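Residue numbers (this note's numbering), protein chains in the order written: chain A, 317 to 635; chain B, 187 to 626.
Cβ atoms here follow ideal geometry from the backbone N, Cα and C, with glycine treated the same way.
Small disclaimer: the values here were computed from a predicted structure and weren't measured.
Structure first, commentary second.
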Amino acid sequence: MADTTAAVPWNPRRSAPGALARLLDNKAFLVFLCLLPAVGLLLVFLTYPLGLGIWLAFTDTHIGRGGEFVGLENFESLWYDQVFWNAVFYTVFYTLVATVLKFGLGLWLALLLNENVPFKSLIRAIILMPWIVPTVLSAIAFWWMFDAQFSIISYVLVDVLGWRTSYIDFLGTPWHARWSLVFANVWRGIPFVAISLLAGLQTISPSLYEAALLDGASSWQRFTKITAPLLMPILSVVLTFSVLFTFTDFQLVYAITRGGPINSTHLMATLAFQRGIPGGQLGEGAAIAVSMIPFLVLATLFSYFALSRRKWQQGGNDE
Amino acid sequence: MNRITRRGTLALGAGAMAATTFGARAAVPVKDATAPRQPIENGATLRVLRPTKFVDADETIFRENTAKFTAQTGVQVRVDFAGWEDLRPQTAVAANTGAGPDVVVGWADDPHIYADKLLDLTELAGYLGQKYGGWLALPQRFGKKWGTEQWISLPMGGTGAPCVYRISWAKEAGYDSIPTDHEGFLKLCQNMKRNGHPAGFALGNAVGDGNAYCNWLLWSHGGMVVDEAGKVAINSPQTIAALRYAKELYQTFIPGTLSWGDVNNNRAYAAGEIGVTQNGVSMYFSLKNDPRTAAIAEDTGMMRMPTGPAGKMAENVLLLNAMVFRHSRYPNAAKEYLRFMMEQEQYDPWLIGCGGYWSHPLAAYAESEVWKSDPKLAVYRDTNTVEFWSGYKGPIGVASGSVAADYVVVQMFAAASSGQSTPEEAVREAERRTRRYYRS
Chain A
317 MADTTAAVPW
327 NPRRSAPGAL
337 ARLLDNKAFL
347 VFLCLLPAVG
357 LLLVFLTYPL
367 GLGIWLAFTD
377 THIGRGGEFV
387 GLENFESLWY
397 DQVFWNAVFY
407 TVFYTLVATV
417 LKFGLGLWLA
427 LLLNENVPFK
437 SLIRAIILMP
447 WIVPTVLSAI
457 AFWWMFDAQF
467 SIISYVLVDV
477 LGWRTSYIDF
487 LGTPWHARWS
497 LVFANVWRGI
507 PFVAISLLAG
517 LQTISPSLYE
527 AALLDGASSW
537 QRFTKITAPL
547 LMPILSVVLT
557 FSVLFTFTDF
567 QLVYAITRGG
577 PINSTHLMAT
587 LAFQRGIPGG
597 QLGEGAAIAV
607 SMIPFLVLAT
617 LFSYFALSRR
627 KWQQGGNDE
Chain B
187 MNRITRRGTL
197 ALGAGAMAAT
207 TFGARAAVPV
217 KDATAPRQPI
227 ENGATLRVLR
237 PTKFVDADET
247 IFRENTAKFT
257 AQTGVQVRVD
267 FAGWEDLRPQ
277 TAVAANTGAG
287 PDVVVGWADD
297 PHIYADKLLD
307 LTELAGYLGQ
317 KYGGWLALPQ
327 RFGKKWGTEQ
337 WISLPMGGTG
347 APCVYRISWA
357 KEAGYDSIPT
367 DHEGFLKLCQ
377 NMKRNGHPAG
387 FALGNAVGDG
397 NAYCNWLLWS
407 HGGMVVDEAG
417 KVAINSPQTI
427 AALRYAKELY
437 QTFIPGTLSW
447 GDVNNNRAYA
457 AGEIGVTQNG
467 VSMYFSLKND
477 PRTAAIAEDT
487 GMMRMPTGPA
497 GKMAENVLLL
507 NAMVFRHSRY
517 PNAAKEYLRF
527 MMEQEQYDPW
537 LIGCGGYWSH
547 PLAAYAESEV
557 WKSDPKLAVY
567 RDTNTVEFWS
577 GYKGPIGVAS
587 GSVAADYVVV
597 QMFAAASSGQ
607 STPEEAVREA
617 ERRTRRYYRS
């Protein structure tokens, strides 16, 4: 040890570190530097489009010509716009009903699949089918099934079974059309919920169920005291995603009804597109899209805070 | 790539012209005209966007003509076919981003929305007009920038929407032809419905059929969206009368028309579910060419819808309007392509192949074989002479295009027909929406 130090002449006068080296030694600067790529990506691909969208909502930009700042004029006009309020109503309705149905049926399906059934993996793969098929493809299939003249559903009910005398006007009357779209959305959405919840179910240790069985718990008690609370964290995440997907749905509605009959099935997303792109009023379209933000924030906050309460998850009560 | 000179191109073109002129088919009458000098840029390639076909020949002959252009000039051309409702958004994206197709064969209003992003086509239009007997009324209106003599687009053809009906069913209802007045037409539809043959007119967001039916209702009753100065004038007694009439006519419809797009009436008619509708010639053709439905074609008549004030034809025409974007790197190639497609060696086979589906915009083509081939087609020949246009009676521009794209008129009639709103409520809502588009 001593030999080596003696061999290398020790020079106490190191050259003073350069400005760059000093800068890089600065922890705050280094943190900033390392974050820069990520921040840059976020700014370019997230903040800029979102910011531009919000800015457009306050202008009267039209496709093919720039716009001027008009303040709240777009929102003011929307306030008196029956079609817009219709779209708000249907978006909320669509999201609520479809989500409740998707979760009810999805949870049920997950519980069934969690049992020991033969050909388990094959069945699971089949369940995923509606989720895998491209949306537009399944939308076109539904479009045919809901056709006013050539619907297979009407055909079976009228011509085969003779239960009805006239064909059902699935897409021609507002409420039929609304429910038809909810049905199509539920059909598509169930696999996502079921498979996600199934993953959650499989993380629950079987020993908990065994202990409960020994204590003489009924299957309902096992569900409410073990399954439900332990499933809650994943449920809240899946619910958040599902609500966001449903609320911002576009393809199904656009491909099946294009918002008709008489705008009764416009979602906010489809209306924003209709007004913004084919209608050319980018500003108003952006205003409709921006109007979705408060709803989305609310929905996200709700699923996070209401459903991921720690105490409830662990079987305690809220005070 | 082959080096193609301008002279070589001309020689090839002349050869092709000679081949067809002296061929079996009689040519349309042409006058002398000098084609504008548009030397094609070296290494030019083009992208063309147009609406999807409704008759097969529309695509095959369009592609053949394009291939001919490539063979003669060496310019590679890629043609994309977009769904009818998707064409507008795609045009909008091309206009806004300054990228994508060089040539868009869009809908009538679209060039007027993007007027300042388009190449001037005055010289080309002048040449074609001179050579082929002049442009018809509607193409003139839509080719020129409003109020000027500057051509910003080249109308390529228009599909009209006369009444298409089953001859035997109309006879059974007591009519040998389609009545020229509204009352008679309503009676006819009522009688046919009673016999189990309802009418079917699209009231959904359908670019072609929805606008065709609803604009006919509005114009034939003397209504208009805006006046000559572009002032909103939809809320008029004429419009209310049209809405009342529409509501009564709606009672004779097959269920489901509120959700109908552009294909539904074709399907329902081919299946014998409806006896009266409005359509382009495409439906008649597909019926005629399919042995299973040839009998229906035989029994199909095509006549004018009841006319407007002073007996004027009041049918909506869906016009194909080709434009060249300034962002094109090969403007001359693009213009040459359009010229090539409009010359009779290419245009006439296309017109004939489509059975007159895209009725000619240039007067000389009235002599085309297609109009002599089947007497039933005659009603489509004068399609482009119509004096009503989308946005009648005001200027064509951003606002008129947007009102059409947002289906303001269609939805007004749909709301009143279905009873969702009273005629007065429906027209007030349409007025409010129209005002917003025409505000500045």
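Chain B residues whose Cβ lies nearer than 8 angstroms to that of residue i
i, result
"A/G596", "A278, I299, V584, G587, S588, A591"
"A/L453", "Ordered by position in chain B, no residue passes the 8 angstroms Cβ test against A/L453, which lies about 15 angstroms from the chain."
"A/L567", "First, the amino acid is wrong: residue 567 of chain A is Gln here, not Leu. What A/Q567 touches in chain B: nothing, since even the nearest Cβ is about 13 angstroms away."
Own chain residues within Cβ distance below 7 angstroms of residue i, not counting five before or after
i, result
"B/S468", "F240, V241, Y543"
"A/A403", "H582, L583, M584, L587"
"B/A549", "Y318, G319, G320, L322"
"B/Y309", "Checking the sequence shown, residue 309 of chain B turns out to be Glu, not Tyr. Correct list, in chain order: P222."
"B/F255", "V261, V263, Y523, F526"
"B/F208", "Unreliable placement is indicated for B/F208, whose pLDDT of 39 sits below 50; the coordinate value is still reported in the next sentence. The answer is none, since no qualifying residue turns up."
"B/A428", "L403, L404, H407, G409"
"B/A519", "I226, E227, A230, L232, V261"
Proximal residues to residue i (C-beta, below 8 angstroms), its chain only, five neighbours per side dropped
i, result
"A/L444", "P507, I511"
"B/H368", "S406, H407, Y431, P492"
"A/Q465", "Y483"
"B/K433", "A602, S603, G605, P609"
"A/L388", "F374"
"B/R619", "V589, D592, V594"
6 angstroms Cβ shell around residue i - same chain, five flanking residues per side excluded
i, result
"B/R352", "G461, D485"
"B/V584", "I299"
"A/T573", "L487, A493, T581"
"A/E600", "N390, R591"
"B/K379", "T438"
Proximal residues of chain A, C-beta to C-beta of residue i below 9 angstroms
i, result
"B/P237", "Residues of chain A passing the Cβ test: none, with the nearest at roughly 14 angstroms."
"B/P275", "F589, I593, P594"
"B/R453", "D463, Q465, F466"
"B/G382", "Chain A residues near B/G382: none, gap ~13 angstroms exceeds 9 angstroms."
Partners in chain B for residue i, counting only beta-carbon separations shorter than 9 angstroms
i, result
"A/T519", "Residues of chain B passing the Cβ test: none, with the nearest at roughly 44 angstroms."
Counted within 10 angstroms of its Cβ, other Cβ atoms place residue i as buried (16 or more) or exposed
i, result
"B/A496", "exposed"
"A/D397", "buried"
"B/E610", "exposed"
"B/A457", "exposed"
"B/A253", "exposed"
"A/I439", "exposed"
"B/D288", "buried"
"A/F435", "exposed"
"B/V596", "buried"
"B/E522", "buried"
"A/R504", "buried"
"A/L336", "exposed"
"A/V476", "exposed"
"B/S514", "buried"
"A/S470", "buried"
"A/P333", "exposed"
"A/F419", "buried"
"A/L352", "exposed"
Contact test: residue i Cβ vs the ligand COA heavy atom, cutoff 8 angstroms
i, result
"B/P275", "Absence of the ligand COA is noted for the structure shown, with no ligands found whatsoever."
Integer-rounded CB distance, given that residue j should sit under 8 angstroms from residue i
i, j, result
"B/L340", "B/L524", "5 angstroms"
"B/N451", "B/G386", "5 angstroms"
"B/V234", "B/R274", "Not quite, the Cβ-Cβ distance comes to about 16 angstroms (not below 8 angstroms), so this is no contact."
"B/M499", "B/C349", "Actually they do not touch by this definition, with Cβ atoms about 12 angstroms apart."
"B/G286", "B/T238", "No, B/G286 and B/T238 are not in contact; Cβ-Cβ is about 17 angstroms, not under 8 angstroms."
"B/A398", "B/G447", "With 8 angstroms as the limit, B/A398 and B/G447 do not qualify as a contact, their Cβ atoms being about 13 angstroms apart."
"A/V547", "A/G516", "It is Leu, not Val, that sits at residue 547 of chain A in the sequence shown. Their Cβ separation, rounded to whole angstroms, is 5 angstroms, which keeps A/L547 and A/G516 in contact under 8 angstroms."
"B/A280", "B/V291", "With a Cβ gap of about 12 angstroms, B/A280 and B/V291 do not count as contacting."
"A/L417", "A/V502", "5 angstroms"
Beta-carbon neighbours of residue i, restricted to chain A and to distances below 7 angstroms
i, result
"B/R622", "S393"
"B/G390", "G576, P577"
"B/L505", "Chain A residues near B/L505: none, gap ~17 angstroms exceeds 7 angstroms."
"B/A601", "I578"
Segment contact flag, the stretch 362-374 of chain B with the stretch 323-335 of chain B, C-beta cutoff 8 angstroms, min 3 pairs:
no
So, does the stretch 497-512 of chain B touch the stretch 416-425 of chain B, judging by three or more C-beta pairs under 8 angstroms?
Between the stretch 497-512 of chain B and the stretch 416-425 of chain B, the count of C-beta pairs closer than 8 angstroms stays below three; the two stretches do not touch.
Contact the stretch 419-434 of chain A vs the stretch 478-486 of chain A: 3+ CB pairs below 8 angstroms
Judged by pairs of C-beta atoms under 8 angstroms, the stretch 419-434 of chain A does not touch the stretch 478-486 of chain A, as fewer than three such pairs exist.
Contact between the stretch 369-388 of chain B and the stretch 528-547 of chain B (3+ Cβ pairs under 8 angstroms):
Touching, no.
Measuring CB atoms only, is the stretch 545-563 of chain A touching the stretch 606-620 of chain A, in the sense that at least three cross pairs come out at less than 8 angstroms?
yes
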